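Just so we're aligned: 784 in full-length UniProt numbering is position 784 of the sequence shown, and the numbers increase by one with no gaps anywhere. Some notes on the structure that comes next.
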Amino acid sequence: MNRFASLLIALIASLFPVTWASGADPASAAIDYTRDIKPLLSNSCYTCHGPDEHTRKADFRLDARESAIDSVIVPGKPDESELIARLTSDDADVQMPPAASNRPRLSPQEVDLVRKWIAQGAKYDEHWSFKPAQHAAVPEVQSATPIDYFIDRRLAEQGIEPAAKATPRALIRRLYFDLTGLPPTPQEVAAFEADPSEEAYAKLVEKLLASPRFGERMAIHWLDLVRYADSVGIHGDQEWSMSPYRDYVIQSFNENKPFDQFTIEQLAGDLLPNATQEQQIASGYNRLNMITAEGGAQAKEYLAKYAADRVRTTSVVWLGATMGCCECHDHKFDPYTIKEFYQFAAFFADLTEKGVYSGSSRTSDWGPKIAVPTPSQTSDLQKLDDEIAKLKQTLETPTPELASDQSKWEAELPAAASWRVVEPTNLKSNPQVTWRKLEGGSVLATGANPDKPTYELEFSLEVPKVTAIRLEVMPDDSLPVKGPGRAGNGNFVLNGFDLQLDGKPVEFQAATATHSQDGWPVAGLLSKDEKDGWAALPAIGKANEAVFELKDDLALTPESKLTLTMKHTYGSSHAIGRFRISLIDAPRPIVAGQDSGVPHQIREIVALPNEKRSDQQRQELATFYRTIAPRLNDVRKELADKTKRRQELADAITTTLVSVSTQPRTMRVLPRGNWLDDSGEEVEPGIPGFLGYDLETNGQRATRRDLANWLIDRRNPLVARVFVNRLWQLMFGRGLVATADDFGSQGAFPSHPELLDWLATEFIESGWDVKHMMQLIAESEAYQRSSVRTAGQKEKDHANALLEAQSARRLPAEMIRDNALAASGLLVETIGGESVRPYQPAGYWSHLNFPKREYQRDKGDSLYRRGLYTHWQRTYLHPSLAAFDAPTREECTVRRNISNTPQQALVLMNDPTYVEAARALAVRLLQEGGDSPQAKINFGMQAVQQRDATEEEAKILLGVYEKHLQQYADNPESAKELLSVGEFQPPEGTDPVALAAWISVSRVLLNLHETITRY
């Protein structure tokens, strides 16, 4: 007698009521309110008779027993209960729920269930997920593991025989995908088939849990939950840098970081004492909500949106709660209130953030961030810092030679050149404006204020030597807010400043300004990129100047033609309104705000006799002279080069957004979620009161750290249940609670409530050990069962909710890509780093605006990284990922949709990544697959499915090969065209016709259902 049959007999003898054996009706068995009745009432009745007092009708509640029995239920007497009368009435004015409520009426079977429940006393119970989890005792039975005890007991109760154990090949392939997201090699499968013992399997589980691929596999699901992406999401969906957070998640799972610590670091890493860089990176969780830089957006509105998003996401991720329903009103099905929604939001009111990140599309200033250098970058920076410090020391050290040079310079200074105002002999604008020449040599634009004008100025003058040109922008009463720009706010944006002498470009080597707007430095004009430029906000209504230092001196003769072109290509009507041009012959460097390259205060010191200078003035003068002393030119140049190199290195360092706490904003209840309505009650941070225990804050305002501590408190009934349910979902395709995002009244009842509680309590007792839980699940017999089900099993349990078998399911989008690259040998297994950009259709981003962008794909190894490292553009998700149902991550995703569309086959056939993978696999077939076509076909099938082809499969694939071999032999140019897709090229001497034919076979192999399915 097998173990399952023994368990079945024992259960029949000991678990079922004795009255069943003597012929009593099983229908008299006790009705469970939480499992059987509450879902019916919640779905059909709670909208009008539930927790939300604002929509409650007739002033009674069906979710509260006292109110229900006072009004419509007579315990023990269903025929005298108004509830039954209303549920069964055919009178449209009497029946419940009324047609106008748009809620479903109960079926006769469901009404009968409610009737029996009332007859048994109408006993209520607290919702199952709000009660503390119980660590159920597991008796000494023959079950392989505690998990199997709970599952086998349910199967025995229903008389369902479990499926047999999966074949070794199916099992190892399943385990590899579930724990690493990658397939096993044919050699690894063969080894396990040779020894599929329990000991070998246990070692395999341990090996895969210790693999760095485990963290990558687990990260995919977590990144879906927290809506990780590489772009901001709203309006222009500009890019930001968050990849270190993704790498933190991978590392945390690989290091088996306890889930309670994982929770605290993400919600409040920045609040921990002496927070490490890793903990600061983790706090980036709070910054993953979508944000906007849209012009005209209302900051207050978007701060409200961000707050609501954080409540929705955090409550779903950790609590499996739909608190988002409370943004406008009390929850209609669960005991959450609108006040508690905004109290929860108040935990995050201390975050340093803006409602609208104006200008950030240019500056990438999306809020607080930190640099995350690699070890080599840290070393390079330190080396440069040491070298720069030595050069600065040389520049700061006085010497007798420098003192002598300084004396000569002081004597010559009064004769130094000063700025010479020059007036244009010709001044044009396209589109045209009206010019007025003003006293002092400035010009004023008047009349029409066209979009994006270009000013062209011509000068004819004799100047023996020019080393710099100065542009002064000046206020004027005729300009908006006195200018100096013509925009409505008085600003301007200059995107081009180009000088030509007799038609030949003049090169600038430096540019400085007395003031530049954040994100619009005057040095940007040197890039010649019209997306860059100089602007002056908030220095409005004031004079400002920019100085452009020439790389080489100019000599102007009367015949010379000097042309200056000033371009305005940004925004609408952002041209300069009043300006003046000056030239100078002065020693370099020449800096804005200085005369002849010498600050005003220095000239004043030079004007004093030496004996009247104070020690401080002498020191100030000597310090300044060393910045221009010819004797130190080489040192300054070396310093400038190294400083520039350091800046380039610093700019190349990856940054990531982090949380920074500041004075908390006032948080109010927003009636109906209306951000314009400030009449609501002001609230402090708080948690849902019905869960039975409060925050411990010693009388202080609660913080995000308090929230995190409350979540991982042993008394919290939800967090452990929610997380282990998601681990189960990863391993079985469906959670013990099918609605993994909703553990409330509208969610599903657990298929195995005692097992869920046992797992949750085991998780806590283990120290929140994620790998321990994954190992328990992987080593259970239930996990190792075949996914093939009999007709009888399907008839008794059509959804496989009782887990008599494993579940076959298509691989996630990232794994489909990884599987193809692994089979081809192209996969680059580098862990972490900035997101990569694989092949993407041309023009896919053509409607991505503010600013317009062109997708620039990567080259080399970056083309072959794992799918989770692909650049995640929220509004334009990579089409291959989107085709296979990867979420945009605009919101929290607990379980991905699974669709079946023709486009998916087209992706596998035509996406350059898969074409290239097929080509690389075909090269392997030719080089490693043996001499015969049959051997090559088996090699290919082993590469993608880790088994030989069947006789029928081999016949079909051989037909594909022979047909395409003839086609490519007849048309060799088409073979060359196929080989041109992508970067990977076959070894020299490879026959292009034969290779193209085997590419066709490889494309078929990569497109097979079994290739992209985990059984």
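Where is the CB? At the ideal position from N, CA and C, for every residue including glycine. Every value quoted in this text rests on a predicted model; they were computed, and no experiment measured them.
Anticipated Cβ contact below 8 Å, residue i with residue j, distance rounded
i: Ala-740; j: Asn-725; result: 6 Å
i: Ile-777; j: Trp-728; result: 7 Å
i: Thr-397; j: Ser-429; result: That belief does not hold up - the Cβ atoms of Thr-397 and Ser-429 are roughly 52 Å apart, past 8 Å.
i: Arg-217; j: Leu-179; result: 6 Å
i: Thr-830; j: Arg-865; result: 7 Å
i: Ala-539; j: His-515; result: 4 Å
Residue interval of the alpha helix (DSSP H) (run including residue i)
i: Trp-435; result: Note, Trp-435: premise wrong, no alpha helix (DSSP H); beta strand (DSSP E) at 434-437.
i: Leu-759; result: 753-765
i: Tyr-46; result: 46-49
i: Leu-657; result: Leu-657 -> not in any alpha helix (DSSP H); beta strand (DSSP E) instead, spanning 655-657.
i: Lys-207; result: 198-210
i: His-772; result: 770-778
i: Phe-150; result: 146-158
i: Ile-118; result: 108-119
i: Trp-710; result: 704-711
i: His-964; result: 951-970
Euclidean distance between Cα positions of residue i and residue j
i: Phe-262; j: Ser-252; result: 7 Å
i: Ile-687; j: Ala-917; result: 51 Å
i: Ile-576; j: Thr-666; result: 41 Å
i: Thr-950; j: Leu-958; result: 12 Å
i: Pro-400; j: Asp-385; result: 28 Å
i: Arg-645; j: Ile-388; result: 11 Å
i: Gly-440; j: Val-658; result: 51 Å
i: Arg-105; j: Asp-93; result: 14 Å
i: Ala-27; j: Ala-738; result: In this prediction, Ala-27 has a pLDDT of 46, which is less than 50 and means its spatial position is unreliable; nothing more can be read from the coordinates.
i: Leu-87; j: Arg-853; result: 59 Å
i: residue 1017; j: Leu-319; result: In this structure the chain extends from 1 to 1015, so residue 1017 is not present and cannot be described.
i: Lys-392; j: Phe-624; result: 13 Å
i: Asp-237; j: Gly-296; result: 16 Å
i: Ile-147; j: Glu-66; result: 38 Å
i: Leu-877; j: Arg-857; result: 14 Å
i: Ala-10; j: Asp-152; result: Confidence is the limiting factor: at Ala-10 the pLDDT is only 37, short of 50, which leaves the residue's position unreliable, though a coordinate-based value still follows. Ala-10 and Asp-152: Cα-Cα distance of roughly 12 Å.
i: Tyr-285; j: Asn-495; result: 37 Å
i: Ala-58; j: Ala-68; result: 11 Å
i: Glu-530; j: Ile-234; result: 25 Å
Per DSSP, cross-strand counterpart(s) of residue i
i: Gln-517; result: Trp-520
i: Asp-498; result: Thr-565
i: Thr-454; result: Asn-430 and Lys-567
i: Trp-534; result: Leu-494
i: Val-422; result: Ile-581
i: residue 1020; result: Because residue 1020 is not part of the residues shown, which for the chain are 1 to 1015, the question remains open.
i: Ala-511; result: Phe-548
i: Gly-940; result: Beta-bridge pairing links Gly-940 to no other residue.
i: Ile-291; result: Gly-233
With 16 other Cβ atoms within 10 Å as the buried cut-off, status of residue i
i: Lys-305; result: buried
i: Leu-1005; result: buried
i: Asp-260; result: buried
i: Ser-1002; result: buried
i: Tyr-693; result: exposed
i: Phe-850; result: exposed
i: Leu-608; result: exposed
i: Ala-997; result: buried
i: Tyr-844; result: exposed
i: Leu-15; result: Because Leu-15 carries a pLDDT of 34, less than 50, the predicted location of this residue cannot be relied on, and no value is offered for it.
i: Asp-678; result: exposed
i: Thr-790; result: exposed
Residue interval of the beta strand (DSSP E) (run including residue i)
i: Arg-580; result: 578-584
i: residue 1034; result: This structure cannot speak to residue 1034, because the chain is shown only from 1 to 1015.
i: Val-466; result: 463-473
i: Ile-687; result: Looking at the DSSP string, Ile-687 is not in any beta strand (DSSP E), and its letter there is neither H nor E.
i: Arg-552; result: Residue identity differs from the one stated: residue 552 is Asp in this sequence, not Arg. 544-556 is the extent of the beta strand (DSSP E) around Asp-552.
i: Ile-370; result: 369-371
i: Ala-445; result: 443-446
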